[in-house]
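Participant:
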Amino acid sequence: MKKVFAVVLALVMVLGVLAGCSGKKEEPKTEAAPEANDLVSLAKAEGELVVYGSCEEDYLRAACDKFQELYGIKTTYQRLSTGEVPAKIAEEKGKPSADVWFGGTNNPYDTAAADGLLDNSYVPENASHLTKSIYKDPNGYWYGIYTGLLGFMVNTDELARLNLEAPKSWDDLLKPEYKGLIWLSNYNTAGTPKLVANLMIQLKGHDAGIQYLVDLDKNVQIYTKSGSGPSKNVGTGECVIGIGFLHDGITQIVDNGYENVQLIVPSDGTACEIGPVAIFKGAAHMNAAKLFLEFALSPDCVELAAQNGSYQFLVIDNAQQPEAAKKFGLDPSLVWDGYDFAKAAAETKQNVEDVMKALNGGDDRFKTE
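Residue numbers (the working numbering): 13 to 381.
Okay, here's the thing in structure tokens:
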């Protein structure tokens with residue numbers, strides 16, 4: 013951030029609007045961006061930043077510590093699932109207890125933007141490094157920092173003990189022999205199952221997609237609070253088949269030594285998360301929040317992920333991809349080419365409501381307290 017923002021900012025905004033694909037009609041508001049040194053000075057004058065993070069806590073901690081180290085701004089954080097954050101901010105009625113939201117999955121960010129909880133008045137210069145238009149909200153409410161593939165993680169030892177083959181497709185998960193072996197995260201608290209719902213409805217059509225999720229529920233043993241919950245229990249065998257983001261499986265293999273974990277990209281199609289960063293509307297430390305957006309879209313921040321057990325593909329062109337993600341072949345190009353991000357953004361809230369209605373609100377497995 014050593015250049016004057018104004019010219020680059022205007023170009024980024026024009027390209028962002030032209031490339032937008034979410035279907036929202038509201039265009040991003042604009043605001044003259046100060047030079048980098050001015051923004052740093054303004055942020056330091058505020059002296060504080062509060063971050064809600066929905067990525068893994070080790071990465072969240074490292075990012076906040078690095079921001080504090082670079083700029084001398086006191087940075088505190090709290091780790092919350094993506095489904096918890098919008099509910100908490102909505103309850104605070106325009107006076108959010110945090111300034112920025114960092115990481116997680118984009119579907120809850122889309123819902124939060126539609127509900128008026130996010131601020132789009134600042135366009136970070138570093139957004140010019142994003143490699144695809146889908147890696148940002150076209151109306152400027154969030155900007156992507158990473159992407160990760162949705163799939164299955166299985167314990168090969170347990171499958172062998174049960175004399176079962178690993179599932180290859182979403183339809184395989186409905187087989188009766190997998191009853192009680194599958195873990196998924198909770199539609200009420202996590203972003204991962206929201207993506208699962210969007211994908212199934214797009215792959216199969218609305219009614220058939222909802223019916224699929226009702227049928228899948230019959231085989232699900234546990235719904236975890238966090239999207240990474242299933243992955244953390246596959247290596248031990250407590251969870252035999254976990255649905256989640258495959259980079260979380262890499263963490264279990266590489267960092268925790270569980271060589272009995274196999275990663276599976278569903279043969280009938282998959283989707284990906286986009287891990288965003290966003291400013292809350294009404295943030296108390298607005299300049300520090302703007303500076304954090306610039307930081308979050310820089311190699312200084314995103315390369316901390318792989319150093320702290322998070323192996324998502326990065327979505328800015330000036331950062332180094334984690335070797336582990338490349339080694340396991342989890343390339344974003346594996347996403348089903350029919351997946352419509354704009355449609356998902358517009359329909360996530362309704363899709364989840366429809367799933368929960370079809371499940372009659374869910375049983376004790378869906379309790380959040």
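Think of the CB as a built atom: it goes at the ideal place given N, C-alpha and C, for glycine as much as any other residue.
Name the DSSP bridge partner or partners of Gln274?
Facilitator: Taking the sequence shown and counting its residues from 1, one reaches residue 274 at position 262. Answer is Val166.
Participant: Ignoring anything shorter than 3 residues or poking outside the stretch 208-239, list the beta strand (DSSP E) runs there in chain order.
Facilitator: 232-236
Participant: Bridge partners for Gln90 per DSSP, in chain order?
Facilitator: The residue given as residue 90 occupies position 78 in the sequence shown. DSSP, once it has assigned bridges, lists Tyr64 as partnering Gln90.
Participant: Check each candidate in Lys293, Asn320, Ala301 and Lys355 and name the one with the smallest Cα separation from Tyr106.
Facilitator: Taking the first residue of the sequence shown as position 1, residue 106 is located at position 94. Reading off the sequence, residue 106 comes out as Gly, not Tyr. Among Lys293, Asn320, Ala301 and Lys355, the Cα nearest to that of Gly106 is on Lys293.
Participant: Let me know if Asn118 comes out buried or exposed under the rule of 16 or more other beta-carbons within 10 Å of its beta-carbon.
Facilitator: For this step, residue 118 is matched to residue 106 along the sequence shown. Buried, because 16 or more other Cβ atoms sit within 10 Å of the Cβ of Asn118.
Participant: Which value, in whole angstroms, describes the spacing of the CA atoms of Ile255 and Pro278?
Facilitator: Mapped onto the sequence shown, residue 255 falls at position 243. Mapped onto the sequence shown, residue 278 falls at position 266. Rounded to the nearest angstrom, the two C-alpha atoms are 10 Å apart.
Participant: Inspect the CB distances between the stretch 61-70 and the stretch 81-99 and report whether three or more fall short of 8 Å.
Facilitator: Three or more beta-carbon pairs separated by less than 8 Å link the stretch 61-70 to the stretch 81-99, which places the two stretches in contact.
Participant: Given a cut-off of 7 Å on the beta-carbon distance, is the pair Leu414 and Asp229 in contact?
Facilitator: With the chain covering 13 to 381 only, the question about residue 414 has no answer from this structure.
Participant: Taking 6 Å as the limit between beta carbons, can you name the residues of its chain near Leu342, skipping five residues before and five after?
Facilitator: In the sequence shown, the residue the question calls residue 342 occupies position 330. The residues are Leu161 and Leu258.
Participant: Return helix, strand or coil for Ser34, following the three-state DSSP convention.
Facilitator: Walking along the sequence shown from the start, residue 34 turns up at place 22. Legend: pLDDT at Ser34 = 41, less than 50; position of this residue unreliable, no value from coordinates given.
Participant: Could you give the distance in angstroms between the alpha-carbon of Gly269 and the alpha-carbon of Ser133?
Facilitator: As a working mapping, residue 269 is identified with position 257 in the sequence shown. As a working mapping, residue 133 is identified with position 121 in the sequence shown. For Gly269 and Ser133, the distance between alpha carbons rounds to 45 Å.
Participant: DSSP three-state label for Val289, please.
Facilitator: As a working mapping, residue 289 is identified with position 277 in the sequence shown. The answer is strand: DSSP assigns Val289 an E or B state.
Participant: Work out the CA separation of Lys148 and Gly32 for me, nearest whole Å.
Facilitator: Within the sequence shown, numbered from 1, the residue matching residue 32 stands at position 20. Within the sequence shown, numbered from 1, the residue matching residue 148 stands at position 136. Reliability of the predicted coordinates at Gly32 is poor, the pLDDT of 40 falling under 50, and no value is obtained from them.
Participant: Counting Cβ pairs, one atom from each stretch, are 3 or more of them under 8 Å apart for the stretch 312-327 and the stretch 295-302?
Facilitator: Per the Cβ contact rule, the stretch 312-327 is not in contact with the stretch 295-302 (fewer than 3 Cβ pairs under 8 Å).
Participant: What separation, rounded to the nearest whole angstrom, lies between the Cα atoms of Val112 and Phe304?
Facilitator: Start at 1 with the first residue of the sequence shown, and residue 112 comes out as number 100. Start at 1 with the first residue of the sequence shown, and residue 304 comes out as number 292. Distance between the alpha carbons of Val112 and Phe304: 8 Å.
Participant: Rounded to whole angstroms, what is the Cα-Cα separation between Thr380 and Ser181?
Facilitator: For the purposes of this step, residue 380 is identified with residue 368 of the sequence shown, where counting begins at 1. For the purposes of this step, residue 181 is identified with residue 169 of the sequence shown, where counting begins at 1. Taking the straight line joining both Cα atoms gives about 29 Å.
Participant: Relative to the C-alpha of Trp348, which residue among Pro108, Val208, Ala110 and Pro120 is closest?
Facilitator: By 1-based counting over the sequence shown, the position of residue 348 is 336. Among Pro108, Val208, Ala110 and Pro120, the Cα nearest to that of Trp348 belongs to Val208.
Participant: Helix, strand or coil: how does DSSP classify Val252 here?
Facilitator: In the sequence shown, counting from the first residue as 1, residue 252 sits at position 240. Residue state, collapsed to three classes: coil.
Participant: Could you compute how far the alpha carbon of Lys78 sits from the alpha carbon of Asn175?
Facilitator: As a position in the sequence shown, residue 78 is number 66, starting the count at 1. As a position in the sequence shown, residue 175 is number 163, starting the count at 1. Those two C-alpha atoms are separated by around 48 Å.
Participant: Is the stretch 152-167 in contact with the stretch 324-336, if contact means three or more CB pairs nearer than 8 Å?
Facilitator: yes
Participant: Could you pull out every residue in the same chain whose Cβ sits closer than 6 Å to the Cβ of Asn245, ignoring the five residues on either side in sequence?
Facilitator: Within the sequence shown, numbered from 1, the residue matching residue 245 stands at position 233. So the qualifying residues of the chain are Cys251.
Participant: Using DSSP bridges, identify the partner residues of Trp195.
Facilitator: Position 183 of the sequence shown, counting from 1, holds the residue named residue 195. Trp195 pairs with Ile234 and Gly254.
Participant: Quick one: residues in its chain with C-beta nearer than 7 Å to the C-beta of Leu27, no 5 flanking neighbours on either side, listed in chain order?
Facilitator: For the purposes of this step, residue 27 is taken as residue 15 along the sequence shown, with counting starting at 1. The predicted model places Leu27 with a pLDDT of 36, which falls under 50 and marks its position as unreliable; any figure quoted below should be read in that light. For Leu27, where only same-chain residues beyond five positions count, there are no Cβ hits under 7 Å.
Participant: Taking the alpha-carbon positions, what's the Ile265 to Asp50 distance?
Facilitator: Here residue 265 is taken as the residue at index 253 of the sequence shown, counted from 1. Here residue 50 is taken as the residue at index 38 of the sequence shown, counted from 1. The straight-line gap from Cα to Cα measures roughly 44 Å.
Participant: Alpha carbon to alpha carbon, what distance is there between Cys76 and Leu54?
Facilitator: On the sequence shown, residue 54 is found 42 positions in, with the first residue counted as 1. On the sequence shown, residue 76 is found 64 positions in, with the first residue counted as 1. Their backbone Cα atoms lie some 18 Å apart in a straight line.
Participant: By the DSSP assignment, the beta strand (DSSP E) with Val327 in it spans what residues?
Facilitator: Taking the first residue of the sequence shown as 1, we reach residue 327 at position 315. No beta strand (DSSP E) holds Val327; DSSP gives it neither H nor E.
Participant: Measuring only the C-alpha atoms, how far is Gln223 from Glu68?
Facilitator: Taking the first residue of the sequence shown as position 1, residue 223 is located at position 211. Taking the first residue of the sequence shown as position 1, residue 68 is located at position 56. So the alpha carbons of these two residues sit roughly 32 Å apart.
Participant: With distances taken from CA atoms, which of Ala74, Asp131, Ala202 and Tyr83 is nearest Val97?
Facilitator: Your numbering for residue 97 matches position 85 in the sequence shown. For the set Ala74, Asp131, Ala202 and Tyr83, the Cα lying nearest the Cα of Val97 is the one of Ala202.
Participant: Could you have a look at Ile146 and say whether DSSP puts it in helix, strand or coil?
Facilitator: By one-based count along the sequence shown, residue 146 stands at place 134. Helix.
Participant: I'd like the list of long-range same chain contacts for Thr143, defined as Cβ closer than 6 Å, with 5 residues on each side in sequence excluded.
Facilitator: Here residue 143 is taken as the residue at index 131 of the sequence shown, counted from 1. For Thr143, where only same-chain residues beyond five positions count, the Cβ hits under 6 Å are Val327 and Asp329.
Participant: Just verifying my parser: in three-state terms, what is the DSSP assignment at Leu130?
Facilitator: Taking the sequence shown and counting its residues from 1, one reaches residue 130 at position 118. The DSSP-derived three-state label of Leu130 is strand.
Participant: Quick check on DSSP: helix, strand or coil for Tyr71?
Facilitator: Numbered from its first residue, the sequence shown carries residue 71 at position 59. Helix.
Participant: Give me the Cα-Cα distance between Trp154 and Ala172, rounded to the nearest whole angstrom.
Facilitator: Start at 1 with the first residue of the sequence shown, and residue 154 comes out as number 142. Start at 1 with the first residue of the sequence shown, and residue 172 comes out as number 160. Taking the straight line joining both Cα atoms gives about 44 Å.
Participant: Any beta-carbon of chain C closer than 7 Å to the one on Asp280?
Facilitator: Of the chains in the structure shown, none is chain C; there is only one protein chain.
Participant: Taking 8 Å as the limit between beta carbons, can you name the residues of its chain near Asp267, skipping five residues before and five after?
Facilitator: Here residue 267 refers to the residue found at position 255 of the sequence shown. Taken in chain order, the residues that qualify are Gly321.
Participant: Cβ atoms of Ile194 and Ile276: under 7 Å apart, would you say?
Facilitator: Within the sequence shown, residue 276 is the residue found at index 264, counting from 1. Within the sequence shown, residue 194 is the residue found at index 182, counting from 1. No, they are not a contact pair.
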